[in-house]
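Read the structure below first, then the notes.
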Amino acid sequence: MARFRTLDDLGDDLGDVRGKVALVRVDLNVPMHDGRATDLTRIHAVAPTILELADAGAKVLLLAHFGRPKGERHSTLSLSLVQGDVERVLGREVMYISEIAGPIVAQALQIMRPGDIGLLENTRFWPGEESNDPELARAIAANGDFYVDDAFSAAHRAHASTEGLAHLLPAYAGRAMERELNALEAALGSPERPVAAVVGGAKVSTKLAVLEHLVGKVQHLIIGGGMANTFLAARGVDVGKSLCEHDLVGTVEAIMDAADNAGCTVHLPYDVVVAKEFAPNPPSVRTCNVHDVVADEMILDVGPQATEALADVLKTCRTLVWNGPLGAFETPPFEAATVALARTAAALTKEGSLVSVAGGGDTVAALHQAGVAGDFTYVSTAGGAFLEWMEGKQLPGVAALAN
Ligand code: ADP
Ligand code: MG
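Here it is as structure tokens:
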């Protein structure tokens with residue numbers, strides 16, 4: 476990936492930013508319940524960039540989307556609803572501005588002093604946001620002197636406030652974006668070898684592109700979760716009533732061939748945890764060899780012997796990228812393999828022998844459940860953007876920041 480400009484380049488490019496207007500794309504798409512934000516992680520993630528720019532004397536205008544208003548104003552999706560949370564996290568006053576472009580924004584800027592922070596309205600109230608309308612992008616840019624993108628999670632979409640603006644103003648990665656891009660580069664861009672990838676989760680079909688990309692990139696591909704059942708079926712294992720995409724057996728065979736040709740070892744479980752019903756601690760739960768699964772059983776986790784062997788694989792690796800849990804971790808006792816391997820990865824990371832990067836909604840939840848999210852080198856909360864990056868796609872919001 477080409478290098479990108481960061482806040483460290485601002486001085487060289489623009490001189491003193493005092494009094495200049497920074498248009499800062501952030502992710503404020505916080506989960507809401509009964510009109511209140513329930514998790515402020517995303518606001519905390521962008522706070523350092525906002526405060527750094529404000530402390531340098533820029534007038535900071537925050538741009539963000541919120542929910543899916545589909546190009547129309549909805550009072551329940553106004554960013555005014557998170558203004559108070561943004562203020563609390565930043566410890567500063569934040570002025571809510573009901574537009575994203577035009578004279579209302581220009582007037583607000585006349586009132587704002589250097590170092591003040593304004594929160595613009597939900598970008599997706601305007602249909603031109605998601606269609607990346609150049610006219611909308613130009614109207615937004617007209618009120619700014621430079622652009623900072625700190626929303627990696629939105630970088631897989633070429634929208635007016637991401638890709639569009641970056642081409643119209645001097646553009647920089649914010650601190651959260653910079654950290655994310657550096658971590659991803661260390662994991663799959665120019666990683667230290669050997670590299671292991673863990674790919675788990677429910678279905679092969681949602682992660683085909685990820686698997687196809689990874690076999691050419693990593694030395695060890697560890698398959699877990701429901702998708703391992705399709706791989707096992709392709710190897711001739713009878714997986715009983717496990718979740719299995721039998722129609723994808725041919726596709727999976729092709730992936731295993733591609734892995735062989737690329738020198739990538741595919742690791743499948745050889746013992747598994749099975750049960751006759753999918754419920755917490757079912758009486759029928761047992762551990763067995765993959766060849767001993769009976770017709771009315773389903774595979775719900777990787778077995779303890781295979782998990783230990785996978786831990787040994789990680790001990791030989793320098794880099795790990797992880798997406799998808801190894802088992803149905805939300806339901807005990809099917810979290811055991813995911814928790815054990817996550818703890819191994821965390822311990823190796825702490826010892827300094829492994830760079831570990833993980834992402835995916837359920838994966839992040841599983842790492843928190845294992846109590847090790849903080850011990851990985853980097854945990855991405857970017858969802859769709861993280862997966863597209865794992866597919867080897869060029870993200871438009873990132874490409875637009877490249878030198
Ligand atoms: P992520 O959100 O991290 O990308 P996925 O959404 O792809 O992960 O997969 C997570 C889901 O996969 C979880 O809900 C988990 O219960 C499910 N899962 C994992 N292993 C199995 C299995 N053996 N059988 C059925 N579901 C599974
Ligand atoms: Mg998921």
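If you count the sequence shown from 1, you need to add 475 to reach this note's numbering.
We put the beta carbon where it would ideally sit given N, CA and C, even for glycine.
Take the Cβ of residue i as the centre, count every other Cβ of all protein chains shown within 10 Å, and call the residue buried at 16 or more, exposed below.
{"i": "W864", "result": "buried"}
{"i": "I586", "result": "exposed"}
{"i": "S550", "result": "exposed"}
{"i": "N756", "result": "exposed"}
{"i": "N878", "result": "exposed"}
{"i": "A770", "result": "exposed"}
{"i": "E568", "result": "exposed"}
{"i": "F753", "result": "exposed"}
{"i": "E610", "result": "exposed"}
{"i": "D624", "result": "buried"}
{"i": "H631", "result": "buried"}
{"i": "E805", "result": "exposed"}
{"i": "E547", "result": "exposed"}
{"i": "P807", "result": "exposed"}
{"i": "P744", "result": "buried"}
{"i": "T791", "result": "exposed"}
{"i": "S759", "result": "exposed"}
{"i": "A513", "result": "Per the sequence shown, the amino acid found at residue 513 is Thr instead of Ala. When all chains shown are included, T513 counts as exposed."}
{"i": "S665", "result": "exposed"}
{"i": "G490", "result": "exposed"}
{"i": "K545", "result": "exposed"}
{"i": "T516", "result": "exposed"}
{"i": "R599", "result": "buried"}
{"i": "D767", "result": "exposed"}
{"i": "P800", "result": "buried"}
{"i": "N736", "result": "exposed"}
{"i": "E810", "result": "buried"}
{"i": "H634", "result": "buried"}
{"i": "T838", "result": "buried"}
Pull the bridge partners of residue i from the DSSP assignment, please.
{"i": "M773", "result": "A750"}
{"i": "L538", "result": "R500"}
{"i": "M652", "result": "BP columns for M652 are empty, so no partner."}
{"i": "H695", "result": "A671, T740"}
{"i": "Y745", "result": "Partner(s): none; Y745 has no beta bridge."}
{"i": "I592", "result": "V535"}
{"i": "C792", "result": "Per DSSP, none; premise fails for C792."}
{"i": "T516", "result": "T516 is not bridged to any residue."}
{"i": "S555", "result": "In the DSSP output, where bridge partners are listed per residue, S555 has none listed."}
{"i": "N764", "result": "D746"}
{"i": "F621", "result": "A497"}
{"i": "R511", "result": "H508"}
{"i": "A877", "result": "F479"}
{"i": "A646", "result": "Y622"}
{"i": "S855", "result": "G834"}
List the whole-angstrom C-beta distance separating residue i from residue j, where the pair is believed to meet the contact cut-off of C-beta under 8 Å.
{"i": "G649", "j": "T726", "result": "Going by Cβ atoms, the distance from G649 to T726 rounds to 39 Å, so no, they are not a contact pair."}
{"i": "G858", "j": "G836", "result": "6 Å"}
{"i": "A729", "j": "L696", "result": "Contact doesn't hold; Cβ gap of about 14 Å is too wide."}
{"i": "E574", "j": "L554", "result": "Their Cβ separation, rounded to whole angstroms, is 11 Å, which puts E574 and L554 out of contact at 8 Å."}
{"i": "L829", "j": "A786", "result": "Not really, about 11 Å apart at Cβ, beyond 8 Å."}
{"i": "A539", "j": "L503", "result": "4 Å"}
{"i": "R493", "j": "A531", "result": "7 Å"}
{"i": "L536", "j": "V501", "result": "About 10 Å separates the two Cβ atoms, so there is no contact after all."}
{"i": "T824", "j": "F861", "result": "The pair is not a contact, with the Cβ atoms about 18 Å apart (cut-off 8 Å)."}
{"i": "M773", "j": "S717", "result": "4 Å"}
{"i": "V847", "j": "A821", "result": "4 Å"}
{"i": "L565", "j": "A522", "result": "6 Å"}
{"i": "G675", "j": "G699", "result": "4 Å"}
{"i": "D776", "j": "V814", "result": "With 8 Å as the limit, D776 and V814 do not qualify as a contact, their Cβ atoms being about 10 Å apart."}
{"i": "V561", "j": "N618", "result": "Not confirmed; about 19 Å, so no contact."}
{"i": "C739", "j": "V749", "result": "Incorrect: roughly 28 Å between the Cβ atoms, too far for contact."}
{"i": "E667", "j": "T794", "result": "5 Å"}
{"i": "A875", "j": "A646", "result": "6 Å"}
{"i": "A662", "j": "V854", "result": "The pair is not a contact, with the Cβ atoms about 12 Å apart (cut-off 8 Å)."}
{"i": "Q679", "j": "H742", "result": "The sequence as given places Val at residue 679; Gln does not occur at that position. Contact doesn't hold; Cβ gap of about 15 Å is too wide."}
{"i": "V712", "j": "V765", "result": "5 Å"}
{"i": "A533", "j": "A576", "result": "Incorrect: roughly 19 Å between the Cβ atoms, too far for contact."}
{"i": "G593", "j": "M570", "result": "5 Å"}
Sorry if obvious, but does the Cβ on residue i come closer than 7 Å to a heavy atom of the ligand ATP?
{"i": "N736", "result": "Questions concerning the ligand ATP fall outside what the structure shown contains, since the ligands it does hold are the ligand ADP and the ligand MG."}
Item to check | Residues passing the C-beta test against the ligand MG heavy atoms, cut-off 5 Å | outcome: G836, D837
Checklist entry - Whole beta strand (DSSP E) runs in the region 795-837 with 3 or more residues, listed along the chain? => result Runs of the beta strand (DSSP E) lying entirely within the region 795-837 and spanning at least 3 residues, in chain order: 830-834.
Checklist entry - Which parts of the region 562-606 are runs of the alpha helix (DSSP H), unbroken and 4 residues or longer, counting only runs that do not cross its ends? => result Complete alpha helix (DSSP H) runs here, min 4: 578-586, 602-605.
Next on the checklist: Threshold first: 3 residues or longer. Then list the beta strand (DSSP E) segments lying entirely within the region 673-732, N to C.
Outcome noted: 695-698
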